[in-house]
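Report on the structure given below.
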Amino acid sequence: MRRRVAREAAILLYRSQEKEFKQAKKRAAEILGARVLPSNLEVAEELDRIADEFEGSERQERLVQMRREALKLMEFLERFNPRLIGSVWRGTARRNSDIDIEVFSADPEEVLEEMRRRNLEVVEVERVTASGNHGVDESTHIYLALESGVKAEIIVRSPEKIGEERLCEIYGDPVRGLGIKELRRVLREDPLRRFVP
């Protein structure tokens, strides 16, 4: 039953009927009349299988293209110590995934100004406060619409957060991500490489 709930939750996420793992698991359990909830990892593994089933080789091509676009964005934002995180870093990106990049600046307006200078289309700016491994974490999320149709989310964190270890809510491992040099190397040597435990 646990696996059925994980698969149902993954389907809800894949079809964008739910955006968050927690809500998808609860709704899947309700749909199936189950009381057991799978882990985020179990849902992520099912989501990966579903994406492979529906997208095939197109998924791999999309990942490489998204990593190239991420590199271009990171080069634009180089002075803010960018790191590629999320599904494009992990190698698990699927249809409707966005590019997640974290940058570090005491003034999010500086990052926004750089984006405007580069003629990037800023769709929304949101201030987010969340409790994390090291207390309260405040960040600014800048959502972009890229010319290719891909969406990107730039997360602006305080410079004091550089090098701070955060655990992934899905995989439970440290979110290391890739810097510019590391991403260039991945694209050159193994563009489909996965970073999952």
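Residue numbers for the sequence shown follow this note's numbering, so the first one is 9 and each next one is one higher. For each residue, glycine too, the CB sits at the ideal point set by N, CA and C.
Legend entry - Rounded straight-line distance, which links the Cα of Ser105 to that of Leu49: Locating residue 49 in the sequence shown gives position 41, where the first residue counts as 1. Locating residue 105 in the sequence shown gives position 97, where the first residue counts as 1. Just so you know, the alpha carbons of Leu49 and Ser105 end up roughly 17 Å apart.
Inset, instruction - Identify the continuous alpha helix (DSSP H) that holds Ile163 and give its terminal residues. - result: As a first step, residue 163 must be located in the sequence shown, where it is residue number 155. Taken as a continuous stretch (DSSP letters only), Ile163 belongs to no alpha helix (DSSP H), being part of the beta strand (DSSP E) at Lys159 to Arg165.
Inset, instruction - With a 10 Å radius around its C-beta and 16 neighbouring C-beta atoms as the bar for buried, classify Gly185 as buried or exposed. - result: The count along the sequence shown starts at 1 and reaches residue 185 at position 177. It counts as buried.
Inset, instruction - Check whether the Cβ atoms of Val136 and Ser147 sit closer than 9 Å, and answer yes or no. - result: As a first step, residue 136 is located in the sequence shown; it is residue number 128 there, counting from the start. As a first step, residue 147 is located in the sequence shown; it is residue number 139 there, counting from the start. Contact flag set, yes.
Inset, instruction - Out of Leu85, Val51 and Asp145, point me to the one whose CA is closest to Lys27's CA. - result: Position 19 of the sequence shown, counting from 1, holds the residue named residue 27. Looking at the Cα atoms, Val51 is the closest of the given residues.
Legend entry - Rounded C-alpha distance that separates Leu200 from Leu71: Counted from its first residue, the sequence shown places residue 200 at position 192. Counted from its first residue, the sequence shown places residue 71 at position 63. So the alpha carbons of these two residues sit roughly 7 Å apart.
Legend entry - Distance between Trp97 and Ile109 (C-alpha atoms, nearest Å): The residue given as residue 109 occupies position 101 in the sequence shown. The residue given as residue 97 occupies position 89 in the sequence shown. So the alpha carbons of these two residues sit roughly 9 Å apart.
Inset, instruction - Drop a sphere of 10 angstroms on the beta-carbon of Asp115, count the other beta-carbons inside from all chains shown, and report buried for 16 or more, exposed for fewer. - result: Translated into positions along the sequence shown, residue 115 becomes position 107. Asp115 is exposed by the Cβ-count criterion.
Inset, instruction - Tell me whether Ser95 sits in a helix, a strand or coil according to DSSP, three-state version. - result: Taking the sequence shown and counting its residues from 1, one reaches residue 95 at position 87. It is helical.
Inset, instruction - Can you tell me which of the three DSSP states Tyr22 falls into? - result: Translated into the one-based positions of the sequence shown, residue 22 becomes position 14. Helix at Tyr22.
Legend entry - Val164 vs Ser113 beta-carbon contact at 9 Å: On the sequence shown, position 156 is the one that residue 164 refers to. On the sequence shown, position 105 is the one that residue 113 refers to. Cβ distance < 9 Å, so Val164 and Ser113 count as in contact.
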